[in-house]
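Input: a single structure, listed below in structure tokens.
Residue numbers (my numbering), protein chains in the order written: chain X, 9 to 374; chain E, 9 to 374.
Now the structure itself:
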């Protein structure tokens with residue numbers, strides 16, 4: 009990776025989400041990225057950070073988060089300086105967040121070529137992941153291209169957005185393909201068609217581009233956001249940065265990078281990849297990604313006794329004895345102050361459930 | 009109750025049990041009698057004790073327990089002196105335990121007339137209970153009788169022993185009936201027959217007799233136990249009591265009062281009673297005795313959210329939020345270190361389950 013571990017390579021890790029679909033493990037003040045969901049001994053953000061240390065020097069890694077989570081970020085990533093932790097004063101979705109880091113990196117280094125990645129996904133095959141990243145960095149360094157890593161689908165998942173790409177290889181010596189169209193989360197028959205066609209990959213929200221390329225895209229496709237950051241670009245990387253961000257950032261429209269840029273621009277490319285990826289969006293995705301016992305139970309906890317119990321996800325403290333009998337297809341999540349026992353195939357209701365809990369019980373348990 | 013609150017009336021509360029069928033709420037070192045199972049704010053032993061304060065002065069109440077539980081008894085019943093807490097050095101079932109207190113009371117007061125009662129039952133109708141006790145005390149004071157309170161059955165329960173009594177009233181002015189036979193826990197068809205005949209009551213293990221009467225019964229029907237206590241009767245109520253008990257008590261055969269005396273003696277009487285009694289022997293009996301919400305759930309806990317959940321018993325800490333969906337006929341018991349989720353109609357397996365847990369996990373969780 010000598011080519012890419014260049015001083016021009018940067019990483020922006022997005023760590024501002026609240027992960028409400030992982031309640032009660034995730035909470036407003038302790039979102040998913042700070043949890044060791046998989047029981048690996050590391051939080052998801054720590055795993056993400058260490059993965060990118062293979063790509064660029066530690067000082068080139070930036071975290072985009074909320075003021076509320078700044079201390080937790082420092083705790084999980086003590087190697088970072090304060091200047092590497094960018095705090096959004098408001099939640100305006102991903103486009104403003106990416107514009108912020110793009111303008112900041114461009115101001116630091118006009119040749120900056122950077123990766124944007126979520127902090128709370130899992131990637132099981134690190135070598136394959138780094139291979140795709142490396143190819144992407146080379147491609148975007150040499151082209152005015154906006155690149156999104158695409159995940160080869162292995163099932164007709166209706167929980168992800170899809171990307172249709174053109175199977176004509178634009179350059180003989182790369183694995184980079186031109187993107188034709190972004191597709192919203194499909195229904196099951198549509199997802200089946202996508203899977204069978206072989207022309208679609210999942211949209212993983214992992215992007216690679218030069219700062220200059222994405223800034224040009226903002227100028228063209230979302231001038232409101234462009235103008236806001238252009239107007240404060242002189243203050244970025246100075247002692248005035250946080251103050252101007254606090255003042256101007258909330259004026260940005262709340263819009264995703266997909267809507268703002270990716271669905272409009274014509275220079276979008278993808279690298280179809282397979283690296284054991286999951287966005288760990290829900291308990292069911294954790295179940296899907298985890299190894300099962302001989303009755304298809306996923307057990308996170310060291311003292312779990314299951315009797316006539318199958319297809320369940322059980323996540324409890326190691327020191328707690330949990331005895332379960334006659335449960336089929338449930339999730340059982342025991343946190344210190346909350347116990348959730350819920351049918352696994354209805355767990356998409358959990359986000360709405362947390363709103364209901366908030367109404368009934370206040371925010372205490374969220 | 010002026011007649012019966014006499015200086016001759018004593019109460020012996022048996023508090024040596026381990027209540028393993030109430031696991032994980034009850035533990036070896038914190039058995040059921042010390043728990044506030046019903047969430048009343050009082051432990052079962054405290055409720056039992058306060059109930060008997062209507063019957064006799066506090067100094068006439070004795071607790072039969074194990075050395076291991078002595079400190080807990082003192083904590084729950086601080087009114088008692090050390091002399092009122094009798095510690096069995098070994099678990100030899102109820103007959104030796106009752107013989108011990110009978111000889112001790114007889115030595116204190118040859119006219120002693122006393123009640124033997126478990127510490128961990130519930131009695132909802134205290135007035136009716138005290139009425140039965142009062143009638144029983146009058147009867148045993150005047151007769152050489154061994155009296156056991158009988159509970160009018162309201163269902164064909166197969167978890168209790170039954171007592172067949174003669175419906176010819178032996179004395180016109182009492183409600184005391186002669187017992188014909190003791191019956192082991194029956195199967196369901198037999199229990200149905202018992203219920204329909206109207207000739208049976210449940211054996212609640214609450215006895216009334218003069219110390220002299222039960223001592224005579226031991227002399228006749230279990231001379232081994234009689235001889236042991238007769239040989240040390242001079243040391244009872246002296247500073248040597250515990251030492252001789254520690255030496256001799258373990259020599260007693262391990263046998264219940266039912267087997268040792270009640271099934272053999274001919275002077276057994278009962279008062280068929282209705283006072284909202286349950287032995288709270290199992291989680292299902294707690295469910296049966298507790299008030300239900302409109303979907304037949306019994307909820308012990310202040311932050312329980314049930315969705316499409318019915319016929320369940322949920323017992324969790326007040327401060328813990330518990331969210332349950334799609335559970336039918338389960339018990340969910342959350343203790344600090346143990347969580348049990350079990351089909352309610354299989355909860356008679358819990359005693360065996362605790363043995364299995366002991367094998368797999370050691371005694372840590374028991």
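Ideal Cβ placement from N, Cα and C applies to all residues, glycine included.
Cβ-based burial, residue i [other Cβ within 10 Å; buried from 16]
i, result
"residue 11/E", "For residue 11/E, the predicted model reports a pLDDT of 47, less than 50, meaning its position is unreliable; a value from the coordinates is still stated below. The residue is exposed, with fewer than 16 neighbouring Cβ atoms inside 10 Å."
"residue 65/E", "exposed"
"residue 368/E", "exposed"
"residue 326/X", "exposed"
"residue 206/E", "exposed"
"residue 26/X", "buried"
"residue 372/X", "exposed"
"residue 221/E", "buried"
"residue 94/X", "buried"
"residue 162/E", "exposed"
"residue 42/E", "buried"
"residue 303/E", "exposed"
"residue 196/X", "exposed"
"residue 100/X", "buried"
"residue 316/E", "exposed"
"residue 1/X", "Past the boundaries of the shown model lies residue 1/X; chain X is included only from 9 to 374, so the question cannot be answered."
Residues near residue i by beta carbon distance below 7 Å, same chain, minus five either side
i, result
"residue 259/X", "236"
"residue 338/X", "320, 349, 350, 351 and 352"
"residue 284/E", "131, 132 and 133"
"residue 113/X", "18, 120, 122 and 219"
"residue 282/E", "136 and 160"
"residue 84/X", "42, 51, 53 and 54"
"residue 35/E", "374"
"residue 145/X", "12, 17, 121 and 216"
Start and end residues, beta strand (DSSP E) containing residue i
i, result
"residue 349/E", "346–351"
"residue 213/E", "208–218"
"residue 20/X", "17–22"
"residue 240/X", "That residue, residue 240/X, is in no beta strand (DSSP E); its alpha helix (DSSP H) goes 231–240."
"residue 314/E", "312–315"
"residue 281/X", "276–281"
Short Cβ contact (9 Å threshold) for residue i with residue j
i, j, result
"residue 159/X", "residue 168/X", "yes"
"residue 128/E", "residue 56/E", "yes"
"residue 2/E", "residue 275/E", "A question about residue 2/E goes unanswered here, because the residues of chain E that appear run from 9 up to 374."
"residue 226/X", "residue 107/X", "yes"
"residue 318/X", "residue 336/X", "yes"
"residue 1/E", "residue 72/E", "Here chain E has residues from 9 to 374 only, and residue 1/E is not among them."
"residue 21/X", "residue 126/X", "yes"
"residue 171/X", "residue 192/X", "no"
"residue 340/E", "residue 278/E", "no"
"residue 254/X", "residue 104/X", "no"
"residue 111/E", "residue 224/E", "no"
"residue 287/X", "residue 370/X", "no"
Endpoints, the alpha helix (DSSP H) within which residue i is located
i, result
"residue 4/X", "The requested residue 4/X is not part of the displayed model; chain X covers only 9 to 374."
"residue 59/E", "52–60"
"residue 187/E", "That residue, residue 187/E, is in no alpha helix (DSSP H); its beta strand (DSSP E) goes 185–191."
"residue 374/X", "Neither: residue 374/X is in no alpha helix (DSSP H) and is coded neither H nor E."
"residue 173/E", "Counting along the chain, residue 173/E falls outside any alpha helix (DSSP H), though it belongs to the beta strand (DSSP E) covering 170–173."
"residue 294/X", "291–297"
"residue 137/E", "134–150"
"residue 96/X", "Careful: residue 96/X lies outside any alpha helix (DSSP H), inside the beta strand (DSSP E) at 93–96."
"residue 375/X", "Absent from the model: residue 375/X. The displayed extent of chain X is 9 to 374, so no value can be given."
Sequence-distant residues of the same chain with beta carbon closer than 8 Å to residue i, five excluded per side
i, result
"residue 9/X", "Residue confidence is low: residue 9/X scores 43 on pLDDT, short of 50, so the model does not pin down where it sits. No coordinate-derived value is stated."
"residue 229/E", "268, 269, 272 and 273"
"residue 15/E", "65, 68 and 117"
Neighbourhood of residue i by C-beta distance below 6 Å, restricted to the same chain and skipping five residues each side
i, result
"residue 215/E", "124 and 156"
"residue 256/E", "236 and 240"
"residue 329/E", "311"
"residue 324/E", "309, 330 and 342"
**Asked** Quick one, which residues of the segment 124–147 of chain X are near chain E if we go by CB-CB under 7 Å, in chain order?
**Response** none
**Request:** With 9 Å as the limit, tell me which residues of the segment 362–373 of chain E have their beta carbon closer than that to any beta carbon of chain X; keep them in chain order.
**Result:** 364, 365, 368, 369, 372 and 373
**Members of the segment 91–123 of chain E near chain X, C-beta cut-off 7 Å** = none
**Asked** Can you list, in chain order, the residues of the segment 298–314 of chain X whose Cβ is nearer than 9 Å to any Cβ on chain E?
**Response** 311 and 313
**Request:** Taking only beta carbons into account, state which residues of the segment 185–217 of chain E come closer than 8 Å to chain X, listed in chain order.
**Result:** none
**Message:** At a CB distance below 7 Å, what residues from the segment 30–44 of chain X approach chain E? Give them in sequence order.
**Reply:** none
**Request:** With 8 Å as the C-beta to C-beta threshold (strictly closer), list the residues of the segment 324–337 of chain E near chain X in chain order.
**Result:** 324, 327, 328, 329, 330, 331, 332, 333, 334 and 335
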